[in-house]
Amino acid sequence: MSRTMPITIWVGRDGRSRVVVETPDVAKQVALARILDKSGYAVLSCRGPEGTDDRCALVEHETCTGVAGADVVVHAMRPQDPRNREVLRHILDRYPDVPIVVEAPRPYVERHPDEFERCRVVFQPMTA
Numbered sequence: 000m001s002r003t004m005p006i007t008i009w010v011g012r013d014g015r016s017r018v019v020v021e022t023p024d025v026a027k028q029v030a031l032a033r034i035l036d037k038s039g040y041a042v043l044s045c046r047g048p049e050g051t052d053d054r055c056a057l058v059e060h061e062t063c064t065g066v067a068g069a070d071v072v073v074h075a076m077r078p079q080d081p082r083n084r085e086v087l088r089h090i091l092d093r094y095p096d097v098p099i100v101v102e103a104p105r106p107y108v109e110r111h112p113d114e115f116e117r118c119r120v121v122f123q124p125m126t127a
């Protein structure tokens, strides 16, 4: 059995809005973090279940310190992977007041619109 995925916790409060970026793609993670930081946001990154063998705290019915302290979540994980859909459902259920921006392929969103209710969808590929 794998261990629960560690996530950095928010430290202090510098007045910036807090964004959690979830993506297994390290290059995308770095690019999004840079863009958001330059735009005045505090950023935490999470590789999600695709980026590690560890289990997500949300799936284990534990608190995700990143999402719990976030003002918005950018969920840029492949929705075709059931582990990623599970994480998204847990965020929506446990943190209903945290807005979620989901990057997903247009054809998938059009076939499964119910999975993206209460989310702001950005179609892949996301560009700056």
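Going by numbering that gives the first Met the number 0, the first residue of the sequence shown is number 0, and it counts up by one from there. Glycine included, each C-beta is placed from N, C-alpha and C at the ideal position. It should be emphasised that the depicted structure is a prediction, and the values quoted were computed from it without experimental measurement.
Asked, Found
"For Glu102, count the other beta carbons within 10 Å of its own beta carbon; 16 or more makes it buried, fewer makes it exposed. Which is it?", "buried"
"Would the beta-carbon of Tyr40 fall within 9 Å of that of Val25?", "no"
"Within the chosen definition, does the segment 49-61 reach the segment 107-116 through at least 3 CB pairs nearer than 8 Å?", "no"
"Using the rule of at least 16 other Cβ atoms within 10 Å of the residue's Cβ for burial, across every protein chain shown, is Glu21 buried or exposed?", "buried"
"May I ask you to report which of helix, strand or coil DSSP gives Arg117?", "coil"
"On a Cα-Cα basis, can you pick out the residue from Phe122, Arg82, Pro95 that is closest to Thr51?", "Arg82"
"Is Val66 buried or exposed, if buried means 16 or more other CB atoms sit within 10 Å of its CB?", "buried"
"What residues in its chain sit with their C-beta under 6 Å from that of Asp70, if we drop five residues either side in the sequence?", "Ser16, Arg17"
"Thinking C-alpha only, which one of Ser44, Asp80, Leu43, Ala75 is nearest Val121?", "Ala75"
"For the beta strand (DSSP E) holding Ala41, just list the boundary residues, first then last.", "41-45"
"Can you list, in chain order, the residues of its chain with a C-beta nearer than 6 Å to that of Cys118? Leave out the 5 residues immediately preceding and following it.", "Ile99, Val101"
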